[in-house]
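The block underneath contains the structure these notes are about, expressed in structure tokens.
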Amino acid sequence: MIASSFWLPPDISAHGSQIDIIIKYLHWFMAVLFVAWGSYFLYCLVRFRAGANPKATYRDAKAKPSKMAEVVVIIIEAILLVGFSIPVWAYYRSEPPGNDANPLTVRVVAQQFAWNIHYPGPDGKFGKSKPELVDEAINPIGLVDASEDPNAADDYVSVNIFHAPKDRDILVRLSSKDVIHSFAVPLLRVKQDAVPGMEIPIWFKAEKTNAEAQEMMKRAFALPASPEGEEAETFVKENRLRVTMADYGSVRKGSTLNAEHLKTLSAAGITSVELAPGFPVNIQCAQLCGLGHYRMKGQMKIYEPDEFEEWYASAGEEEVFDEDEFDDE
Amino acid sequence: MSSELLPHTLEAHPVTGMYNGKFGVWLFLASEVMLFGALFSAYILLRTHGDFPSHKETLLDYRFGALNTFLLITSSVTMVMAWASFKLNDPGKGKMYLWITVILSCAFLFIKIKFEYLHKIHEGITPSYSTFYGIYYCMTGLHGLHILGGVVVMLYFLTVGAGLWNKNPHQFTNRIECTGLYWHFVDLVWIFLFPVFYLL
Amino acid sequence: MSSDHHAHNPGFISKYVFSLDHKVIGVQYTVTSLIFLFFGFSLMMIMRWQLAYPGESIPLVGGWLGKYLVDNNGVLLPEGYNALGAMHGTIMVFLGVVPLAVGGFGNYVMPLQIGAPDMAFPKLNMASYWVYFLGGVTMLAGFFVPGGAANSGWTSYPPLADIANTVGTHPFWNGQTVWLLGMVLLITSSLLGSVNFIVTIMHLRVKGLTMFRLPFFVWAQFVTSFLLLLAFPPLEAAGVLQLMDRAFHTSFFMPEGLVVSGVVQDQFAGGGSPLLWQHLFWFLAHPEVYVLILPAIGIVGEIIANNTRRPLWGYKTLVYSVIFLGFMSFVVWAHHMFLTGMGTAMSTFFQTTTMIISIPSVVILTALLLSLWQGSIRFTVPMLFALSFLPMFAIGGLTGLPLGLSASDIQLHDTYYVIGHFHYVVAPGTIMALLGGIYFWYPKVTGRKMSTFLGHLHFWPSFVFMNTVFFPMFMVGLAGISRRLWDQTEYVQGIDVQGWVRMSSWGAWALGLAQIPFIINFFYSAFAGKKVNENPWKATTLEWAAPSPPPHGNFAEVPVAYRGPYEYSVPDAKEDFHPQHVPDSQLV
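In order, the protein sequences belong to chains S, L and B.
Just so you know, we're using numbering that gives the first Met the number 0 here: the first sequence kicks off at 0 and counts up by one.
Just so you know, we're using numbering that gives the first Met the number 0 here: the second sequence kicks off at 0 and counts up by one.
Just so you know, we're using numbering that gives the first Met the number 0 here: the third sequence kicks off at 0 and counts up by one.
Structure (structure tokens):
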């Protein structure tokens, strides 16, 4: 994966770098403090061990340096709080900034254990939904019929796949149909609880498409020496989400690496491949929501703006499900 | 049982000005304030959060509430009289006032259960009817349990525990005082509950 | 509210089972909570198998766990994982650490340190233990009711907790309802205990023992008791409301129009708020963090003063910091709720209070570190544990900063980073300190010292493996892995950090093995440990003036306190320690 510092996943959002900077500054601050305390601590243990210092001193040591250190800690905390955290939070929680007059507004309705992405369609208006109309198979959010609410006519609901354009503000009105969930997209630095009975707005802007994110996350893997046996099995299993980034003859770009591929590649004398996740931008549930919490997984599909318009225009007409792309079930 | 007592069982501690039991009861009441405080906060949140009926729509009869308020305030007075009588070394009178307190609280519980709870449940208004009735049953029910607890304690001092008067009248009077403190607190809670549910 | 002292020659039952003696009750608390601690830890060892090797049969115990936890092949079920997680949290906090720190150490040591013959209300004290015991049994009963134990996390957030364990189970004897009943009992026990502690500390101090001559440990217990007294009732209220929601279908935490698995939840009228629970819960649970940590800091203070042979640095500063910490802990609770739709004003308030509360914590840590300066440090077994507390508590405290600032919390909230953070505070922090406390006061309780060799065999592996378990969690959390996932390899980042996850798991199992020397030591030394006099550590506080083990009534003669608690290495004195109870005339 990309050499992002502090083990953070790559950042593809407009506001993410501000969060990352706070995390990095904080960890440097923590590391400096810890090393300073730790060095002093170890020095004391050696210097003032009973063998080296048989008689303790009754009077309290003068603590000027430590008081200074405490003041410095307070000042740094205040700077991080006032200078970074509060403004970033205010920005994150505010309405989308006015520079983008045309945000994409979608409703996200969480449920056990899926994400329903509700698009308003070309009219830009959401149709009403009613709990009693919910049918998990056909109508997961209980959208009313077009005859009752004309706004619902062109609405489109996508389950678990969040189609979105890059470089455009995306306003999500987040709610839940049953219990509390939490909409978390680590690569977008977005996380927000979905609380039933509330509709909470959040917004973000992606600066990379899926293909670009894959490019950021690709990494070369050395293939196991033998295409068969335990080592090869483990290799396939532990990299089951990854697809090749480059064409290797019959191993097509975009396909998931499997045991057959290993044999083909081995036969062709290829010893290392570039792999990246098929769907790099995961939506996770971050709040315990029941037994399927771990598999309450959605995927973001971020397009170039014109590609998105193309998709959006035809959304709802055809339901093509690309097995090879959405392969990790 | 030896008769050796821990320090400050009877005599007040110079700093707090209280004997152990009294101090303990005050601390216990502090935690009770937090308990009912949390429930009143929940009431406020629910009231501001969703649709909550006004008192005209609640079907709660304020006359029962007012009568019960009267009964409890009277019982608080008789409770003080009971303690004062024991303090003045008149156990006969003390017991009488304690009995009156018990009777008044039983009357309170009777009215609450017979004319309010059972009547409402009969009409199909159970706790699940609305959040208003949920919090109403919950808070008045918890308060009723506190009344019941007080009654049990008073009955204990009137029967099984009465023997302590002969052994150590000072300690017995202290216990009545502690019961009284608790009892006034329970009254006070009702004085908040009554307007909140019947009048607001 | 009896304060009668019980008979001097009672029978077995009233001496060891329904005892009114604070020392027996303290030992009962200690042993019971140690058993719960080990049990709660075992649940985690099972969970760590599923995390390290997702979907593989659990070795050794897989076949024994029953249908609510594992499938036919002995693979942990997702709902079983959630049940173990919820019970691990509940057991460790409410049945393990708090009863050990407050019920065990507080009960045994605190009255001795203030020179009292017993707690102010011995019967209440006994009731407190037995209600705790009953609460513990009720909690464990959850594993055996239809549908298995509570599985909505130790935080039991509704609506999930309102509707959990309701389908196909008994309307009353089901996991979540039993959990709530257990909590109500445990809260009651804590309330009884805290009233008793405060009255005892205020009223039963011996002559001369002013508040500022109290050992630091007593101060820690004092503040802890206030936290328990005032923070627990709101959770009790919340527990009652949730019980009503589950048993009578009230809607305190249920908004209207919920649809669970395609079924409209019309048994609830609606109109409630799920966030109400979170406010009530965290109003308790944040002070609860300080309930977990303050007694541990108190123990560390005692051990450090004794083993550096000098007074604690800045005793009054420490006391004021602890009091301030107690106050502030009531106004930080919503930093657990930054992501529930909170606006800028609220988040600014709560992150500011959170930064403020970090200041007394830093002051306390600094004071303890400065106490080492110019000391004469003896590396006894209790001292090793107390010293190890300092850096590990520092890690726990420091990693709270990114979580307390709402902006960085966006990325780290509800990830393994949180798990790493609070475990560093309560496991390598508090539990190490409590273990140190056991080594420290064992000679007082039994009259014998624990084996030093077995102590080292316990300490060093525990120290190493504590870090092996918890440090990798920070990396896992930064990578963005949500907590409470049955299988984190569902996510691409989860596959990347699988190495760290396995390291954690192996660390946990090794940590389990590292407790064997302790268990052996604990029982073996009671019979075969080296016999010692009443003050083997040459300590100054009053508990060491009583015989070991202290008889009924504690002191041969009622002591008088002549000085502060940590008069070590007074200049020009014959001995390097001046006990509190020895008058100046006998010291020269």
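Beta carbons: idealized from backbone N, C-alpha and C, even for Gly.
If you're wondering where the values come from, they're calculated on a predicted model, not measured in any experiment.
### Val592(B) versus Leu234(B), Gly476(B), Ser405(B), residue with shortest Cα-Cα distance
This structure gives no information on residue 592(B), because the portion of chain B shown stretches from 0 to 587.
### Within chain B, partners of Phe22(L) - CB distance below 9 Å
Ala119, Val194, Ile197, Val198, Met201, His202
### Message
Please report the distance separating the alpha-carbon of His5(B) from that of Ala126(B).
### Response
Bear in mind that the predicted position of His5(B) carries a pLDDT of just 46, short of 50, making it unreliable; the figure below should be weighed with that in mind. Each residue's Cα considered, the two are about 15 Å apart.
### Phe320(S) (DSSP reduced to helix, strand or coil)
Its pLDDT being 46, under 50, Phe320(S) is placed unreliably in this model, and the coordinates cannot settle the point.
### Task
Indicate whether at least one CB of chain B lies closer than 7 Å to the CB of Met33(L).
yes
#### Entry: Residue of Gln17(S), Trp27(S), Thr233(S), Pro121(S) minimising C-alpha distance to Phe5(S)
Trp27(S)
### Task
Would you mind giving the Cβ-Cβ distance between Thr130(L) and Gly238(B), rounded to the nearest angstrom? I have them listed as a contact below 8 Å.
Not quite, the Cβ-Cβ distance comes to about 18 Å (not below 8 Å), so this is no contact.
### Task
Could you tell me which residues DSSP pairs with His180(S) in its beta bridges?
Ala193(S)
### Query
In three-state terms, what does DSSP make of Asn281(S)?
strand
### Message
Could you check whether the Cβ of Ala41(L) sits closer than 7 Å to any Cβ belonging to chain B?
### Response
yes
### Query
With distances taken from CA atoms, which of Asn115(S), Asn159(S), Lys262(S) is nearest Leu142(S)?
Asn115(S)
### Query
Name the chain S residues that come within less than 7 Å of Gly256(B), Cβ to Cβ?
Pro130
### the segment 339-352 of chain B / the segment 380-389 of chain B touching (three or more Cβ pairs under 8 Å)
no
#### Entry: For Met0(B), the three-state DSSP class (helix, strand or coil)
Annotation note: pLDDT 37 at Met0(B) (below 50); position unreliable, coordinate value reported separately. DSSP places Met0(B) in coil when its eight states are reduced to three.
### Message
Quick check: the segment 459-469 of chain B against the segment 130-143 of chain B, are at least 3 beta-carbon pairs closer than 8 Å?
### Response
no
### Query
Using DSSP with H/G/I as helix, E/B as strand and the rest coil, what is Pro254(B)?
coil
### Task
Per DSSP, which residues does Lys300(S) bridge with? Please list them.
His162(S)
### Query
If you measure beta-carbon to beta-carbon, which residues of the segment 359-389 of chain B are closer than 8 Å to chain S?
Val361, Val362, Leu364, Thr365, Leu368, Leu369, Leu371, Trp372, Gln373, Gly374, Ser375, Ile376, Arg377, Phe378, Leu386, Leu389
### Bridge partner(s) assigned by DSSP for Glu273(S)
Ala219(S)
#### Entry: Where Glu301(B) falls, given that 16 or more other Cβ within 10 Å makes a residue buried
buried
### Three-pair Cβ contact test at 8 Å for the segment 273-293 of chain S versus the segment 71-79 of chain B
yes
### Query
Do Phe63(L) and Phe114(L) have their CB atoms nearer than 7 Å?
yes
### Message
Taking the alpha-carbon of Met44(B) as reference, which of Met502(B), Gln492(B), Ile355(B), Asn195(B) has the nearest alpha-carbon?
### Response
Met502(B)
### Task
Name the residue from Tyr423(B), Trp129(B), Leu111(B) whose alpha carbon lies nearest to the alpha carbon of Gln579(B).
Leu111(B)
### Query
Which chain B residues sit within Cβ distance under 8 Å of Thr15(L)?
Met201, His202
#### Entry: Proximal residues of chain B, C-beta to C-beta of Ser271(S) below 9 Å
Here the premise fails: no neighbours, minimum Cβ distance about 18 Å.
### Task
Could you tell me the distance, in whole angstroms, from the CA atom of Glu556(B) to the CA atom of Gly105(B)?
22 Å
### Query
Shortest alpha-carbon distance to Ser189(B) belongs to which of Phe247(B), Phe282(B), Phe132(B), Ile363(B)?
Phe132(B)
### Task
Using a Cβ-Cβ cut-off of less than 9 Å, give me the residues of the segment 281-293 of chain S that come near chain B, in sequence order.
Asn281, Gln283, Cys284, Ala285, Gln286, Leu287, Cys288, Gly289, Leu290, Gly291, His292, Tyr293
### Task
Compute the Euclidean distance between the alpha carbons of Pro194(L) and Ala65(L), then round it to the nearest angstrom.
9 Å
### Query
Quick one: Cα of Lys602(B) to Cα of Val299(B), how far?
Residue 602(B) cannot be examined here, being either before or after the span of chain B that is shown, 0 to 587.
### Proximal chain L residues relative to Val321(B), where beta-carbon distance stays under 9 Å
None at all; the shortest Cβ gap to chain L is about 19 Å.
### Query
Should Leu264(S) be flagged as near chain B, meaning a C-beta pair shorter than 7 Å?
no
### Query
Beta-carbon separation of Leu329(S) and Gly152(B) under 7 Å?
Residue coverage of chain S in this structure runs from 0 to 328, which leaves residue 329(S) outside it and unanswerable.
#### Entry: Alpha carbon of Leu279(B) to alpha carbon of Ile90(B), nearest angstrom
20 Å
#### Entry: Contact list for the segment 35-59 of chain S against chain B, Cβ threshold 7 Å
Trp36, Gly37, Tyr39, Phe40, Cys43, Leu44, Phe47, Arg48, Ala49, Asn52, Pro53, Lys54, Ala55, Thr56, Tyr57, Asp59
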